[in-house]
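>
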Ligand SMILES: CC(C)(COP(=O)(O)OP(=O)(O)OC[C@H]1O[C@@H](n2cnc3c(N)ncnc32)[C@H](O)[C@@H]1OP(=O)(O)O)[C@@H](O)C(=O)NCCC(=O)NCCS
């Protein structure tokens with residue numbers, strides 16, 4: 010399973026490789042990119058990039074699959090799952106280079122990983138969350154067919170150390186099946 014490769018109309022989704030350090034450094038060293046991701050250090054140094062790539066290569070794929078998103082041969086971001094095998098659910102994460110925002114790349118990549126995740130791990134649900142102010146990310150979750158399930162009040166600290174609300178979104182397996190796999194005769 011480690012070597013999983015997925016293809017979409019525009020993208021190649023593949024495991025990380027040693028050679029990814031340079032391009033990871035380029036797009037992750039960006040305060041605007043990391044605005045709603047306080048765990049990503051800024052400035053993002055070469056050592057941070059090396060650690061990031063090594064972690065993605067070494068973490069157990071069956072629990073933390075992290076796909077590098079490649080567009081025209083260039084690393085532009087990640088889509089990842091954190092699989093909770095006991096509960097048959099997984100958390101979805103995504104992040105792409107600021108150069109590529111607004112072209113539907115994240116939904117395209119995430120759709121492929123969601124389909125792979127439901128099928129590979131026999132999941133009942135995939136969920137995601139973000140800072141309540143992060144409209145772009147909320148829009149991605151909506152476009153993926155996820156439902157806003159609730160808001161955790163004052164749930165995390167942002168980059169400025171301010172306490173912020175976290176919005177929770179979820180996609181049940183039957184909802185995904187209804188949209189991703191319509192029956193061949195179109196009756197549904
Ligand atoms: C959030 C993020 C993943 C969105 O990815 P994307 O590939 O740009 O997604 P989309 O192209 O579908 O755009 C999503 C929405 O963002 C908005 N948007 C797009 N480009 C924008 C821009 N340049 N400035 C402001 N808003 C923009 C649009 O409202 C769009 O929705 P629409 O298609 O209905 O108009 C991306 O901005 C990102 O990686 N940000 C940094 C990392 C991050 O915050 N990850 C999410 C953590 S929860």
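Numbering (the working numbering), first residue to last: 10 to 197.
Virtual Cβ for every residue (Gly too), placed ideally from N, Cα, C.
Where does residue 71 sit, in a helix, a strand or coil, going by DSSP?
If DSSP states are grouped into helix, strand and coil, residue 71 belongs with coil.
> Around the Cβ of residue 104, are there at least 16 other Cβ atoms within 10 angstroms (buried) or fewer (exposed)?
Buried, because 16 or more other Cβ atoms sit within 10 Å of the Cβ of residue 104.
> Who pairs with residue 89 in a beta bridge, going by DSSP?
Beta-bridge pairing links residue 89 to 75, 102.
> Does residue 52 pass the burial test, meaning 16 or more other C-beta atoms within 10 Å, or should it be called exposed?
Exposed.
> In this structure, how does DSSP classify residue 156 when only helix, strand and coil are distinguished?
The answer is strand: DSSP assigns residue 156 an E or B state.
> For residue 167, which of 26, 17, 45, 25 has the nearest alpha-carbon?
Taking only the C-alpha atoms, the option nearest residue 167 is 45.
> CA-CA distance, residue 43 and residue 50?
Whole-angstrom Cα-Cα distance: 8 Å.
> Would residue 84 and residue 20 be called neighbours here (beta carbons separated by less than 8 Å)?
Not closer than 8 Å, so no.
> When the Cα atoms are used, what is the spatial distance from residue 25 to residue 136?
Approximately 23 Å, taken between the alpha carbons.
> If I measure Cβ to Cβ from residue 188 and keep anything under 7 Å in the same chain, skipping five residues before and after, which residues do I get?
154, listed in sequence order.
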